[in-house]
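Peer 1: Dropping a structure here in structure tokens format, bear with me for questions.
2 protein chains.
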Amino acid sequence: MNPSPEFGSVVIASNRGPVSFTREQDGAITASRGSGGVVTALTGALQVGGTWIAAAMSDADREMTELADGRIPADDGAAYSLRYLNVSPEDFDGYYNYVSNGILWFAHHYLWDNVHTPVWDAGTYEAWERYERVNLAFAEALAQEAERLPQPTAFLVQDYHLSLVPKMLREMKPDALISHFSHTPIAGPTYARAMPTQMRRQLLAGMLGADVLGFHSEAWAENFLMSARYLPGARVELGRYRAHVEGHEVLARVHPLSVDAAAIKETAALPEVAAMRKEFEEWRGDARLILRVDRFELTKNILRGFTAYETFLKRYPEWKGKVKFLALLSPSRTELPEYRTYAEECLAEAARVNEKLGTADWEPITVRVKDDYQAAVAAYALYDVLMVNPVIDGLNLVSMEGPIANRRHGVLLLSRNAGAYFRLGRYALGINPHDVEEQAEMIQVALALPEEQKILRAKGLSRLIRANPPSRWVAHQLRDLDKVRIRRAWFRA
Amino acid sequence: MNPSPEFGSVVIASNRGPVSFTREQDGAITASRGSGGVVTALTGALQVGGTWIAAAMSDADREMTELADGRIPADDGAAYSLRYLNVSPEDFDGYYNYVSNGILWFAHHYLWDNVHTPVWDAGTYEAWERYERVNLAFAEALAQEAERLPQPTAFLVQDYHLSLVPKMLREMKPDALISHFSHTPIAGPTYARAMPTQMRRQLLAGMLGADVLGFHSEAWAENFLMSARYLPGARVELGRYRAHVEGHEVLARVHPLSVDAAAIKETAALPEVAAMRKEFEEWRGDARLILRVDRFELTKNILRGFTAYETFLKRYPEWKGKVKFLALLSPSRTELPEYRTYAEECLAEAARVNEKLGTADWEPITVRVKDDYQAAVAAYALYDVLMVNPVIDGLNLVSMEGPIANRRHGVLLLSRNAGAYFRLGRYALGINPHDVEEQAEMIQVALALPEEQKILRAKGLSRLIRANPPSRWVAHQLRDLDKVRIRRAWFRA
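For the record, the sequence lines run as chains W and B. If you read the first sequence in numbering that gives the first Met the number 0, its first letter stands for residue 0, the second for the next number, and so on. If you read the second sequence in numbering that gives the first Met the number 0, its first letter stands for residue 0, the second for the next number, and so on.
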């Protein structure tokens, strides 16, 4: 199926490209293709022909880009190419580490206490100029691609790294059909004011340069629209999910992504995954298994998860020795000091609980630190309870991968602040991520749930997740853009 | 002028009463009347007759209440009485320190980082029960008062301590005319979800039991309404500032309070204030004066204010020795450890700047720690720049007291996140409280402002503040309630 029949070409812009290059010890450059629903979905949209523009993230990416003279042909034989932008290491650091991950991620995930953080100084303004410069490089590359590709072109701009691109591209090509999708939550209007004032306004105006803005949940779309009301010159119709800026109309749309169930099943069927599953099974023995799979990401709420498990064990001591908590954790953003500290705190909290409640033949919490997707898929099969308790999350893919790969009608404990909760909530057990008391009680409820209840919920989750494959996610976005195209042609006829 | 001509009586409920009692060393109990616009305004509304119900805050309050058999006559000869509720010390601690100041204040001022704080446990639920119990005691007292007072009665419930009172009172007296006024900011819907789920819902439902909800700014009203949309059974019309819950209609209204200009002028004219002013004047000498007046309150942003001043001095070294920063600071909520730490940090930051930039005959920052309103009024007269940079503030009264008492056409640096900014912003220099860079630059701009600009702004501020005396604030609330009364009578006729 061609997901974009109305478009002559598709041009995608995202910080990270679908393929990353590595220089091996023998000097050769090897390519590895990213997995996950977003890559699959966006690559699908590119089958009509087009370009995926991304930032060169590594030295090998940069070398490869230079070798290929800027445009790397798709490795799957389709009619699209990759274009990796070489920005200076200083610009990349300002754009990526400082602004994208240090400011925007923190703002949209409510990670400041306001009393001490954040503090903006001259360095902030310098980094912001770098963010602007990199966004401009993206916008220019997008405009160039459109010049050489069959029309009409659908521009699909991804995420908070590229918030300024829609407006910049609109100024270069006023008739461009542009969508922007936010994969994070979106800070509400009051919290967003902690960002430097001019930066906040430029970010809003930048996104409002698009025709369609996509979000994972209604809550994020509404936070964006409520913020946009404070932008001078903008007018927002909240009830219609629509904004107007200087005669330009912008639609807000909610299209939650899902996972690629078939791909997960394929991974689960791999012999090495089966072997790991067997290992986990032996280790688990007769115990019930609580599982969590997360990066050491500040938002993932690993600390309160361990504390809640401790509270559960103290209140229901009959479960001691009869349950095991497996935490598969992987490093994240180790270039930011907050993240390094957080990883240490998580390990210390697990050690504290083990020290306090463990016995000679029972370790309450087992932590494995490794970025290992196959191990996660192996463990998913075995959980009785999957704990997904982020303090806030744009969507959360673990809550979708788990129910697809699980084979025990395991129960999903899901934070009410995850974008996924808006879709899956009715078949999960909802938890307040800040509430250790509630999480402890819900572990008990999950373990005690009657089998028919568990089956009902597991089937419901699986059905909802499968009903919304990643290809639909991107098809929705293209359809939205196509409606804009038709309306625009009609009004100009 | 009778501010409440349509009502037979007015009943006010607030945590703190207008008079507080102290047992002196000689054993006598003395009364001291609170100052400030709220007390003046609400006392004015009581002239028609009625009761002010508050919590006994001290042992002397409790004794006085018992001595007076629960109802203390007004000391100003008017036809109202005070009624102080004796709640157990444990209930008071849970209601006041834990829930009101430890949870609600933190939520509405965005003081959590989410990664580590807040954490809810069994203690939270216990404290919440105490909050409920105290709110119920208030609601019962309000209902009792209405029984004995001339009808119709206007119920004016104040602030976040008493969020549950409107609904509780509505259940006891379905036809009661109830308003609730929030003196704080209001957290947006996403941030508010950090509160325990059931608590958040009860707080929303509690406030929605009122007929009219008052706020200091549109931003806070809209945050409340956006949160209310998530309450099961509630329907919100954002554009009309209106909510419906189970057939009951609730209006949101914005009535910013102001200060009592005449009272400030009276204080300024006191001989002891004149003497202090003279002292400050001599200390200041030929230097220009930057002033701040604040409690050691987490939201007041004292730390970044000092850092911004340091940045200013480094960038514009010609001002060294020619400017003095006077910080009049007073203790606040010392029962909460965060507040004690914050006070220490503020003093350390001032000492650091003085150590780094001070000379033998010039101390860059002078800090005085004392709760001394008269000293503040004396210093207000003399500032060239008044720094009011809270990270967030429901309204902010310093930004209104200062311009009334100032005699030098001093410039107001005002945080764009203070409720007062929505009204005074056009005559202030707006600052982003998190942005040290901008604040440093704005100090320079303020000091360099041409005299005619300063006069224009100072006059504008004075005019806006005087145009909105506290009596108007309360009259608006009574008028809103009266409209509800008329409409209700009409629909039932």
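Even for Gly, the Cβ is constructed at its ideal location relative to N, Cα and C. A quick note: this is a predicted structure, and the numbers were derived from the prediction, not measured.
(1) May I have the straight-line CA-CA distance separating W/Glu281 from W/Gly320, to the nearest angstrom?
(2) Which chain W residues are close to B/His433, counting only those with a beta carbon under 9 Å from its beta carbon?
(3) Beta-carbon of B/Gly187 versus every beta-carbon of chain W: anything under 8 Å?
(4) Give the C-beta separation of W/Asn416 and W/Asp434 to the nearest angstrom, bearing in mind that I take them to be a contact with Cβ-Cβ under 8 Å.
(5) From the DSSP secondary-structure annotation, give me the bridge partner or partners of W/Lys264.
(6) How far does the beta strand (DSSP E) with B/Gln452 in it extend, from its first residue to its last?
(7) For W/Trp489, count the other beta carbons within 10 Å of its own beta carbon; 16 or more makes it buried, fewer makes it exposed. Which is it?
(8) So, does the CB of B/Ile177 fall closer than 8 Å to a CB anywhere in chain W?
(9) So, is B/Arg82 buried or exposed, given that buried needs 16 or more other C-beta atoms within 10 angstroms?
(10) State yes or no: is the beta carbon of W/Asn388 nearer than 8 Å to at least one beta carbon in chain B?
(11) List the residues of chain B that W/Asn416 touches, going by C-beta distances under 7 Å, in chain order.
(12) Taking the continuous beta strand (DSSP E) assigned at W/Met386, which residues delimit it?
(13) If you check the beta carbons only, do B/Val235 and B/Leu224 fall under 8 Å apart?
(14) What are the boundary residues of the alpha helix (DSSP H) that B/Gln373 is part of?
(15) Quickly, what does DSSP pair B/Tyr83 with across the bridge? List them, please.
(16) Output the distance between the C-alpha atoms of B/Glu139 and B/Leu168, rounded to the nearest integer angstrom.
(17) Do the stretch 283–294 of chain W and the stretch 317–334 of chain W meet, that is, are 3 or more Cβ pairs less than 8 Å apart?
(18) Output needed for W/Tyr308: all residues of its chain with C-beta closer than 6 Å, excluding positions within five of it in sequence on either side, in chain order.
(19) If we ignore side chains and look at the alpha-carbon of each, how far apart do B/Met0 and W/His108 end up?
(20) What does DSSP give as the partner residue(s) for B/Ile71 in the beta ladder?
(21) B/Asn222 touches chain A at which residues, Cβ-Cβ below 9 Å?
(22) Taking buried to mean at least 16 other C-beta atoms within 10 Å of its own C-beta, is B/Thr310 buried or exposed?
(23) Quick one: grab the DSSP three-state call for B/Asn9.
(24) For B/Leu394 and chain W, any beta-carbon pair shorter than 8 Å?
(25) Out of W/His247, W/Pro88, W/Ala191 and W/Arg287, which has the shortest C-alpha to C-alpha gap to W/Trp361?
(26) With a threshold of 8 Å, are at least 3 pairs of Cβ atoms found where one atom belongs to the stretch 361–380 of chain B and the other to the stretch 258–278 of chain B?
(27) Assuming B/Gly48 contacts B/Leu176 (C-beta within less than 8 Å), just tell me the rounded distance between them.
(28) I want to see whether chain W comes within less than 8 Å of B/Glu436, judged by CB atoms only; does it?
(29) Given that B/Arg303 touches chain W, what residues does it touch there, using C-beta distances under 7 Å?
(30) Got a sec? Which residues, its chain only, sit under 8 Å from W/Gly232 by beta carbon, not counting five neighbours each side?
(31) Nearest CA to the CA of B/Ala142: which residue from B/Ala204, B/Asn300, B/Trp472 and B/Lys166?
(32) Taking the alpha helix (DSSP H) that B/Ile301 belongs to, which residues open and close that run?
(33) Does the stretch 398–410 of chain W come close enough to the stretch 104–121 of chain W to have 3 or more Cβ pairs within less than 8 Å?
(34) If you follow the alpha helix (DSSP H) that B/Gly43 is in, where does it begin and where does it stop?
(35) Got a sec: is the Cβ-Cβ distance from B/Ile102 to anything in chain W below 8 Å?
(36) When you compare the CB positions of W/Leu460 and W/Pro402, do they come within less than 8 Å of one another, or not?
Peer 2: Looking at the coordinates:
(1) 15 Å
(2) Trp111, Asn113, Thr116, Pro117, Val118, Trp119, Arg192, Ala193, Met194 and Pro195
(3) yes
(4) Not really, about 11 Å apart at Cβ, beyond 8 Å.
(5) DSSP lists no partner for W/Lys264.
(6) From DSSP, B/Gln452 is part of no beta strand (DSSP E) but of the alpha helix (DSSP H) over Glu450 to Arg465.
(7) exposed
(8) no
(9) buried
(10) no
(11) Arg192
(12) Val384 to Val387
(13) yes
(14) Tyr372 to Tyr379
(15) B/Ala53
(16) 7 Å
(17) yes
(18) Phe324
(19) A caution first: B/Met0 carries a pLDDT of 49, below 50, which makes its placement in the model unreliable, though a value can still be read off. Approximately 51 Å between the Cα atoms of the pair.
(20) B/Leu81
(21) Structure shown: chain A not included; protein chains present are W and B.
(22) buried
(23) The question names Asn, yet the displayed sequence has Val at residue 9 of chain B. Of the three classes helix, strand and coil, the one that applies to B/Val9 here is strand, per DSSP.
(24) no
(25) W/Arg287
(26) yes
(27) The Cβ separation is near 16 Å, so there is no contact.
(28) yes
(29) Val118
(30) Val244 and Glu245
(31) B/Lys166
(32) Ile301 to Arg314
(33) no
(34) Gly36 to Ala44
(35) no
(36) yes
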